[in-house]
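K.L.:
Using my numbering, the letters of the sequence shown correspond one by one to residues -6 to 37.
Below is the structure I would like to discuss, written out as structure tokens.
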Amino acid sequence: MSRSERRGRSLGGVRAWLGYHIETIWLLGLLTSAVALGALVVRL
């Protein structure tokens, strides 16, 4: 197996993983931005 093949396969795996976990990642991002916004409001 060549290096480019291996890289392509791992990239495909990452894409599949991202597709599978996209909702979790989106929720985590939403939570993080909500916490950051709350911290900003508290500071003000």
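Backbone N, C-alpha and C define an ideal beta-carbon position, used for all residues, glycine too.
Only a predicted model underlies this, so the values are computations on that prediction, with no experimental measurement involved.
1) For leucine 20, name the three-state secondary structure that DSSP assigns.
2) Going straight from the alpha carbon of leucine 24 to that of arginine -4, what length do you get?
3) What does the alpha-carbon distance come out to for the pair glutamate 16 and tryptophan 10?
4) If you draw a straight line from the C-alpha of glycine 22 to the C-alpha of leucine 37, how long is it?
P.N.:
This is what the structure holds:
1) Reduced to three states, the DSSP call for leucine 20 is helix.
2) Approximately 38 Å, taken between the alpha carbons.
3) Roughly 11 Å between the two C-alpha positions.
4) The straight-line gap from Cα to Cα measures roughly 23 Å.
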